[in-house]
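Residue numbers (the numbering used here): 238 to 486. Cβ atoms here follow ideal geometry from the backbone N, Cα and C, with glycine treated the same way. This report refers to the structure that appears directly beneath it.
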Amino acid sequence: MLTRKEVLKKSPIIIGGPCSVASKEQIMKIAQAVKKSGADALRAQLWKPRTDPNSFQGVGMVGIKWLQEVKEKIGIPLAMEVTAPQQVKEVAGIADIMWVGARNMQNFELLKEIGKYPHAVILKRGFIATVKEWICAATYIGVEKVIFCERGIRTGVDSMRFTLDLNGMLVMKHDYKHPVIVDISHSPGRRDMVLPLGYAAMAAGADGIVVETHYNPDEELVDRAQTIDLQSFDKLVRKSEQIYNLLHK
Ligand code: PEP
Ligand code: MN
């Protein structure tokens with residue numbers, strides 16, 4: 238378990254991993270690679286809140302024992318999404334950082350349950366949430382535990398999945414003084430734009446980034462078009478650290 242203070246000490250916070258855990262072998266292999274590249278935590282998602290009920294929903298609780306093994310053998314902190322209040326207790330037992338997805342930003346019963354634990358919590362911004370609504374949601378958890386995550390909002394523009402709102406990130410950082418990391422995978426929805434958005438986010442002062450990565454992106458069950466390979470991940474980590482150091486040191 239990590240508190241927000243402990244996570245922030247690792248800044249820039251780099252979190253990488255597959256969109257979703259698919260098998261023990263898959264998550265082991267990715268955990269090992271991202272750790273080697275310098276990731277601070279692994280995306281370890283067992284449930285996928287999907288818009289389409291006919292699409293892959295995640296492996297669920299069965300993955301807990303795989304992640305236990307990842308923790309023991311590889312020793313990388315786990316950032317795990319929870320999607321329902323009844324999952325929180327078990328996830329809190331293994332997760333280092335808990336995570337609330339965009340679709341659950343205002344699932345208040347879930348937020349209250351998560352707030353019972355001391356873990357740092359990544360709170361993603363809802364698709365159309367204002368910064369004020371995002372802060373209010375964090376207050377249900379306990380705002381001092383929250384690391385905000387900008388992931389793109391819905392605008393009138395249809396040339397990409399979502400519009401990455403670095404402005405919103407700056408409002409949160411400058412006016413509310415809370416840490417913000419940026420998910421650079423879900424707004425472009427395509428892998429050739431992921432690294433440039435990562436550099437832009439870091440240059441604007443983000444505290445870190447979240448990115449979907451896989452040893453063979455085309456094998457991904459979910460979000461394969463935006464998933465970067467491990468070589469790109471390695472490059473992204475190095476350059477993000479350089480940009481962070483230029484701004485902060
Ligand atoms: C994800 O992180 O895989 C995801 C679905 O993101 P979001 O909750 O921001 O849509
Ligand atoms: Mn995804």
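For a test of your reading of the model: does the CB of CYS256 fall under 6 Å from any non-hydrogen atom of the ligand MN? Yes or no.
Correct: CYS256 has its Cβ closer than 6 Å to the ligand MN.
Under 7 Å between the Cβ atoms of LEU315 and LEU279?
Yes, Cβ-Cβ distance for LEU315 and LEU279 is below 7 Å.
Apart from the five residues just before and just after PRO286, which ones in its own chain have a Cβ nearer than 6 Å to its Cβ?
Cβ within range, chain order: THR320, GLY338, ARG340.
Would you mind stating whether ILE264 and VAL271 have Cβ atoms separated by less than 7 Å?
No, Cβ-Cβ distance for ILE264 and VAL271 is not below 7 Å.
CB of GLY295 to nearest heavy atom of the ligand PEP: below 6 Å?
GLY295: no, Cβ never under 6 Å from the ligand PEP.
Taking 6 Å as the cut-off, does the CB of ALA339 come closer than this to any heavy atom belonging to the ligand PEP?
Answer for ALA339: yes, Cβ within range of the ligand PEP.
Using 8 Å for Cβ pairs, my map puts MET193 next to TRP336. What's the rounded Cβ distance?
This structure leaves residue 193 out entirely; the chain is present only between 238 and 486.
So, do the region 345 to 359 and the region 290 to 300 have three or more beta carbon pairs nearer to each other than 8 Å?
Verdict: no, contact absent.
Between HIS423 and the ligand PEP, is there a pair consisting of the residue's CB and a ligand heavy atom that are separated by less than 6 Å?
Flag set: Cβ of HIS423 near the ligand PEP.
Along the alpha helix (DSSP H) that carries CYS386, what are the first and last residues, could you check?
Element bounds for CYS386: not the alpha helix (DSSP H) but the beta strand (DSSP E), 383 to 387.
With a threshold of 8 Å, are at least 3 pairs of Cβ atoms found where one atom belongs to the region 372 to 386 and the other to the region 405 to 419?
With a cut-off of 8 Å, the region 405 to 419 and the region 372 to 386 count as touching, because enough Cβ pairs lie within range.
Can you determine whether any heavy atom of the ligand PEP sits closer than 6 Å to the C-beta of ARG388, and answer yes or no?
Checking every heavy atom of the ligand PEP against the Cβ of ARG388, one is found closer than 6 Å.
Can you tell me where the alpha helix (DSSP H) holding GLY254 begins and where it ends?
Run containing GLY254: none in the alpha helix (DSSP H); it sits in the beta strand (DSSP E), 250 to 254.
Taking the beta carbon of GLN324 as the centre, do at least 16 other beta carbons fall within 10 Å, making it buried, or is it exposed?
Buried, since its Cβ has 16 or more Cβ neighbours within 10 Å.
For the ligand MN, is there a heavy atom less than 6 Å away from the beta-carbon of ASP460?
At least one heavy atom of the ligand MN is nearer than 6 Å to the Cβ of ASP460, so yes.
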